[in-house]
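Here the structure comes first, spelled out in structure tokens, and everything after it is commentary.
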Amino acid sequence: MAPASTRISSIPPSGIRRLFELSQGIEGLISLGLGEPDFPTPGHVIEAYKDALDKGFTKYAPTMGIPELRQAISEKYGNEYGVDYDAKTQVIVTSGASEAIFASITSIVNAGDEVIIPDPGFLLYGPIVRIAGGKPVMLELKEKENFNVMADRLNELITNRTKVLVLNLPSNPTGTTMGKRGQQAIADIVNDRDIVVISDEVYEKLVYGKKHTNFASLGVEDKVVTVNSFSKTYSMTGMRLGYAIGPKEVISNVFKAHQFSVVCVNTATQKAGVAALTGPQDCVEEMRKEYGQRRDILTKGLNSLKGVSCIEPQGAFYCFANITETGLSAFDLSDGLLTDARVVGVPGTAFGENGGGYMRFAYSVPREKLHGAIERMEPFFGGL
Ligand SMILES: Cc1ncc(COP(=O)(O)O)c(C=O)c1O
Numbered sequence: 000m001a002p003a004s005t006r007i008s009s010i011p012p013s014g015i016r017r018l019f020e021l022s023q024g025i026e027g028l029i030s031l032g033l034g035e036p037d038f039p040t041p042g043h044v045i046e047a048y049k050d051a052l053d054k055g056f057t058k059y060a061p062t063m064g065i066p067e068l069r070q071a072i073s074e075k076y077g078n079e080y081g082v083d084y085d086a087k088t089q090v091i092v093t094s095g096a097s098e099a100i101f102a103s104i105t106s107i108v109n110a111g112d113e114v115i116i117p118d119p120g121f122l123l124y125g126p127i128v129r130i131a132g133g134k135p136v137m138l139e140l141k142e143k144e145n146f147n148v149m150a151d152r153l154n155e156l157i158t159n160r161t162k163v164l165v166l167n168l169p170s171n172p173t174g175t176t177m178g179k180r181g182q183q184a185i186a187d188i189v190n191d192r193d194i195v196v197i198s199d200e201v202y203e204k205l206v207y208g209k210k211h212t213n214f215a216s217l218g219v220e221d222k223v224v225t226v227n228s229f230s231k232t233y234s235m236t237g238m239r240l241g242y243a244i245g246p247k248e249v250i251s252n253v254f255k256a257h258q259f260s261v262v263c264v265n266t267a268t269q270k271a272g273v274a275a276l277t278g279p280q281d282c283v284e285e286m287r288k289e290y291g292q293r294r295d296i297l298t299k300g301l302n303s304l305k306g307v308s309c310i311e312p313q314g315a316f317y318c319f320a321n322i323t324e325t326g327l328s329a330f331d332l333s334d335g336l337l338t339d340a341r342v343v344g345v346p347g348t349a350f351g352e353n354g355g356g357y358m359r360f361a362y363s364v365p366r367e368k369l370h371g372a373i374e375r376m377e378p379f380f381g382g383l
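Listed below in structure tokens is the structure:
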């Protein structure tokens, strides 16, 4: 067999994948493992998709995305955050935020460049930086600081090799979001330096209390690529629709990464995206409210378990529970939970070394399942 690429083969397999393999064949599991909305995709979005197929939108789309979708994205940022993006040159439609992250990192990072990424953080960033030949530099997030990105710690990590900073607010896996003031301190640091920020804001609409701050809008538009998605906001995970917006010079290279891999996003999906952005938004608010209720149930439930504590998440749909008092590693605990309590949670180590004493539980499932999971976990934790 031909030897594998060391850049790919040296990347360890995802901790989440292993968990799903272990879960196969266990009957009646309650899974709080996957970060996927359980709500159906809004009806008007589905209708727009079907209509697009009926009208023959089954051919290649422009590589940057269909003009009406790029226009709708540009208008969204103008209306919601007061930031102007030229729909023609500064907006590119991608196959989910995942591709937007991949194409952004690979089109910015050179071999040996340092990329600062949050730890714990979404598990895609580190491997993509390595595929690009870059060096991931972990920015430690601490529970006692609400898992906020602390400006002084960030400052200490910046060297003359730092090329990119990845931000993800609201955060997967911690559920943290930061107000304008905290984010401004980060923007001030970036403003003084030659660093590009990739700001992953896929959970922008899932905030409970604090209003979302678009990082680019803090006077740093010329340094920020904002990555966003339709997956979480409109419950469209399988439609694979996302985008990257940012400085023209960066987007023109993201365009190349996209062109030479994906070519263009499914045309009918893009039509559905136009309906999602320009249609009624009450479905988004309804989902957010329900997630808010579920958040309360899960946070309270987790805090009632012996040896578990969990700060109240302010965004996304994850509880990141501290399990250090159980004396077990997150890895062993997740295996035990799976086999003894038949509940799936993800060990925090899947999100980086600093996730070691934590488990991530997603509340993107109906309330009954959350109650059921807590009931099952009670005797498990009680008996440790
Ligand atoms: C922080 C974060 N960014 C990006 C993504 C990818 O989303 P998409 O479905 O748009 O590829 C996810 C999905 O879980 C996520 O949690």
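Counting along the sequence shown from 1, when you hit position 106 you're at 105 in numbering that gives the first Met the number 0, and nothing is skipped either side. Beta carbons are placed, not taken as given, at the ideal position from N, Cα and C, and that holds for glycine.
In chain order, what residues of the same chain have a beta carbon less than 7 Å from the beta carbon of LEU138, not counting five sequence neighbours either side? Here residue 138 corresponds to residue number 139 of the sequence shown, with the count starting at 1. For LEU138, where only same-chain residues beyond five positions count, the Cβ hits under 7 Å are ILE115, ILE116, PRO117, ASP118, VAL148, ARG152, LEU153 and LEU156.
Please list, in chain order, all residues with a C-beta atom less than 6 Å from at least one heavy atom of ligand 1. GLY34, GLY95, ALA96, SER97, PHE121, ASN167, ASN171, ASP199, VAL201, SER228, SER230, THR236 and GLY241
Hey, could you find the ends of the alpha helix (DSSP H) THR277 is sitting in? For this step, residue 277 is matched to residue 278 along the sequence shown. Looking at the DSSP string, the run of the alpha helix (DSSP H) that includes THR277 is 266 to 277.
Whole angstroms are fine: how far does the CA of GLU26 sit from the CA of THR62? Taking the first residue of the sequence shown as position 1, residue 62 is located at position 63. Taking the first residue of the sequence shown as position 1, residue 26 is located at position 27. Approximately 44 Å between the Cα atoms of the pair.
Quick one: grab the DSSP three-state call for ASP199. Position 200 of the sequence shown, counted from the first residue, corresponds to residue 199. Of the three classes helix, strand and coil, the one that applies to ASP199 here is strand, per DSSP.
How is LYS54 classed by DSSP in three states: helix, strand or coil? Your numbering for residue 54 matches position 55 in the sequence shown. Coil at LYS54, not helix or strand.
In the DSSP assignment, find the unbroken alpha helix (DSSP H) run with ASP334 in it and report its ends. Here residue 334 refers to the residue found at position 335 when the sequence shown is read from its first residue. For ASP334, the enclosing alpha helix (DSSP H) has its first and last residue at 329 to 335.
Cβ-Cβ distance between LEU31 and ALA372 below 8 Å: Within the sequence shown, residue 31 is the residue found at index 32, counting from 1. Within the sequence shown, residue 372 is the residue found at index 373, counting from 1. Their beta carbons are under 8 Å apart, which means LEU31 touches ALA372 by this criterion.
Quickly, what does DSSP pair LYS319 with across the bridge? List them, please. Taking the first residue of the sequence shown as 1, we reach residue 319 at position 320. The residue asked about is misnamed: residue 319 is Phe in this sequence, not Lys. DSSP output for PHE319 lists ARG359 as bridge partner(s).
Let me know the secondary structure DSSP gives SER30 once reduced to three states. Against the sequence shown, residue 30 aligns to sequence position 31. It is a strand residue.
Using the beta-carbon count (16 or more within 10 Å), is THR176 buried or exposed? Locating residue 176 in the sequence shown gives position 177, where the first residue counts as 1. It counts as buried.
Grab me the residues of LYS209's own chain with a C-beta within less than 7 Å of its C-beta, minus the 5 sequence neighbours each way, in chain order. The residue labelled residue 209 in the question sits at position 210 within the sequence shown. THR176, GLY178 and GLN313, listed in sequence order.
Using a Cβ-Cβ distance cut-off of 8 Å, determine whether ASN78 contacts chain B. Checking the listed chains, one finds no chain B in this structure; it contains a single protein chain.
With 16 other Cβ atoms within 10 Å as the buried cut-off, status of VAL262: Taking the sequence shown and counting its residues from 1, one reaches residue 262 at position 263. The residue in question, VAL262, is exposed, as its Cβ has fewer than 16 Cβ neighbours within 10 Å.
Quick check: what's the CA-CA separation for VAL136 versus HIS43? The residue given as residue 136 occupies position 137 in the sequence shown. The residue given as residue 43 occupies position 44 in the sequence shown. Computed Cα separation, rounded: 43 Å.
With DSSP as the reference, label SER22 as helix, strand or coil. To locate residue 22, count along the sequence shown from 1; it is residue 23. Shown here, SER22 sits in a helix according to DSSP, grouped into three states.
LEU75 versus LEU68: straight-line alpha-carbon distance, rounded: The sequence position of residue 75 within the sequence shown is 76, counting from 1. The sequence position of residue 68 within the sequence shown is 69, counting from 1. Strictly speaking, residue 75 in this sequence is Lys, with Leu absent from that position. The straight-line gap from Cα to Cα measures roughly 10 Å.
Within 10 angstroms of the Cβ of PHE402, are there 16 or more other Cβ atoms? Answer buried if so, exposed if not. The shown model of the chain, from 0 to 383, leaves out residue 402, and the question about it has no answer.
Runs of alpha helix (DSSP H) wholly within the segment 158 to 208 (minimum 4 residues, chain order): 179 to 190
Three or more C-beta pairs closer than 8 Å, one from the segment 236 to 252 and one from the segment 80 to 93: is that the case here? yes
Expressed to the nearest angstrom, what Euclidean distance is found between the alpha-carbon atoms of LEU164 and VAL196? The count along the sequence shown starts at 1 and reaches residue 164 at position 165. The count along the sequence shown starts at 1 and reaches residue 196 at position 197. Distance between the alpha carbons of LEU164 and VAL196: 5 Å.
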